[in-house]
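>
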Amino acid sequence: MRYLFVGDSMTIGSAGDHTWRYRMWRHLSALGEPFAITGSRTALYDREADAPVSHRYADPAFPASARGHFAGWGEGWLQLAPLVRAEVAEQRPDVLLISLGLIDLGFYTDAARTEESLRSFVAEARAASPSVRMVLLPVIPNTRAVSDAWFAAQCDELNVRTAKAVADLDTAASPLLLASRPPGYDIHRDTYDGTHPNAAGEHRIAAAFANAMHQAWGVGAPYDLPD
1 MRYLFVGDSM
11 TIGSAGDHTW
21 RYRMWRHLSA
31 LGEPFAITGS
41 RTALYDREAD
51 APVSHRYADP
61 AFPASARGHF
71 AGWGEGWLQL
81 APLVRAEVAE
91 QRPDVLLISL
101 GLIDLGFYTD
111 AARTEESLRS
121 FVAEARAASP
131 SVRMVLLPVI
141 PNTRAVSDAW
151 FAAQCDELNV
161 RTAKAVADLD
171 TAASPLLLAS
181 RPPGYDIHRD
191 TYDGTHPNAA
201 GEHRIAAAFA
211 NAMHQAWGVG
221 APYDLPD
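Residues in the sequence shown are numbered from 1 upward in steps of one, following this note's numbering.
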C-alpha cells in the first residue's frame, strides 16, 4: 500500500515538529505489513525563511524515505486541485490521506467555492489514477471560530458539503471515505497555537485516519493512542 499525505500547514508542519505524518509512519511500521509513503515534497516549513526549506524533524531518525508528502503552508483545496493530477501520476499512491479546507475558508474562498475545489481535486486525482482511494478529514475549526461567527458557520457548512460530496463521488472503483473528527480533539489542549497540532493533536489526527481505514476498509489496525 502506497500512501500520500495531502494537506496544509497542519500536515506539512514546521521546523522542530514531529508532524502527524510521522505518527502515522510509526503506526504503519508497527503493523509489520509492507507499505510505502510517497510524495514529491519532503521539507517542513521554516518560519524564519517563510518557506518550506527545513528538514529539522523532531525525531532525526524519521527516515528520508518516509518524509514524502504533498502539503504546503498556506495551501488548500484551491491550490492543490490543479496540481494533484501530476503528483498522483508521478508518485503512484494507492491512498490519499487528506486534511484540507481550513486555509481555504480562512483566506481564499467560502464553503461553496471550496466544495467546487474539492470536487475538482477528486476528478484530477482520478484522471491520473482511476482506482485511487481517498480519506478526507473534516475541517477542525481553530480559535478564530470562537470569535468569528461567519467563519464558524462556514466551517460547519463545509463539513456538511464535504460529507455530501463524498457520498456523491464515492465509487467501488475509487472509494472515498470521510473520517470522523478526531475523538476528543480540543484546540486548547491538542494544538500549540489554536490551529497547529502539538504531540497530542498529531496522535489524534493520525488516529482518525488509521481508524477510518480500519473500520471501513479493513486496512491496518486501530491506532493505539498514548495515555
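Just so it is clear, CB atoms sit at the ideal spot from N, CA and C, and this is done for glycine as well. Quick caveat, the model's predicted, so the values are computed rather than measured.
Run through the DSSP bridge pairs and tell me what V135 is partnered with.
Per DSSP, L97, L177.
> Suppose contacts are defined by Cβ-Cβ distances below 8 angstroms. Is N142 in contact with I187 by that definition?
Closer than 8 angstroms, so yes.
> Do you know whose CA, among L31, D156, S65, lies nearest V146's CA?
Cα-wise, what sits closest to V146 is D156.
> What did DSSP end up calling A127 once you bin it into helix, strand or coil?
Reduced to three states, the DSSP call for A127 is helix.
> CA-CA distance, D50 and T195?
Cα to Cα, D50 sits roughly 18 angstroms from T195.
> Hey, could you find the ends of the alpha helix (DSSP H) V88 is sitting in?
84-91 is the span of the alpha helix (DSSP H), which, as asked, contains V88.
> Considering only DSSP beta bridges, list what A7 is partnered with.
Position check: residue 7 holds Gly in this sequence, whereas Ala was assumed. A71, S99.
> For the 8 angstroms Cβ check, are there 3 or more pairs between the stretch 30-46 and the stretch 75-83?
No: the two stretches stay apart, fewer than three of their Cβ pairs being nearer than 8 angstroms.
> D224 to A15, Cα distance in whole Å?
Rounded to the nearest angstrom, the two C-alpha atoms are 26 angstroms apart.
> Which class does A208 belong to by DSSP, given the choice of helix, strand or coil?
Residue state, collapsed to three classes: helix.
> So, for L4: in the same chain, excluding its five sequence neighbours on each side, which residues have a beta-carbon less than 8 angstroms away from its beta-carbon?
Once the five neighbours on either side are set aside, the close Cβ partners of L4 are I37, T38, G39, G68, H69, F70, E87, V88, Q91, P93, V95, L96, L97.
> Span of the beta strand (DSSP E) holding Y45?
Where Y45 is concerned, the enclosing beta strand (DSSP E) stretches over 44-46.
> Less than 8 angstroms between the CB atoms is what I'm expecting for G201 and D190, so what's the real figure, rounded?
G201 to D190, Cβ: 3 angstroms. Contact.
> Should P138 be labelled buried (16 or more other beta-carbon atoms within 10 Å of its own) or exposed?
Looking at its Cβ environment, which holds 16 or more other Cβ atoms inside 10 Å, P138 is buried.
> Starting from the Cα of W20, find the closest Cα among A172, A66, S129, A167 and give me that residue.
Nearest option by C-alpha distance: A66.
> Could you tell me the distance, in whole angstroms, from the CA atom of E75 to the CA atom of T171?
Cα to Cα, E75 sits roughly 27 angstroms from T171.
> Short check: CB of P130 to CB of A173, under 8 angstroms?
Yes, the pair counts as a contact, with Cβ atoms nearer than the cut-off.
> What residue from E124, A125, A123, G101 has the CA that sits closest to T114's CA?
Of E124, A125, A123, G101, the residue nearest in Cα terms is G101.
> May I ask you to report which of helix, strand or coil DSSP gives I187?
Looking at I187 - three-state DSSP - the assignment turns out to be coil, as it is neither helix nor strand.
> CA-CA distance, R161 and G106?
Cα-Cα distance, rounded: 17 angstroms.
> Is A12 helix, strand or coil by DSSP?
Note on identity: in this sequence residue 12 is Ile, with Ala being the wrong assignment. Helix at I12.
> By the 10 Å Cβ neighbour count, where 16 or more other Cβ atoms means buried, how is Q154 classified, buried or exposed?
The residue in question, Q154, is buried, as its Cβ has 16 or more Cβ neighbours within 10 Å.
> What residues in its chain sit with their C-beta under 6 angstroms from that of V219, if we drop five residues either side in the sequence?
So the qualifying residues of the chain are M213.
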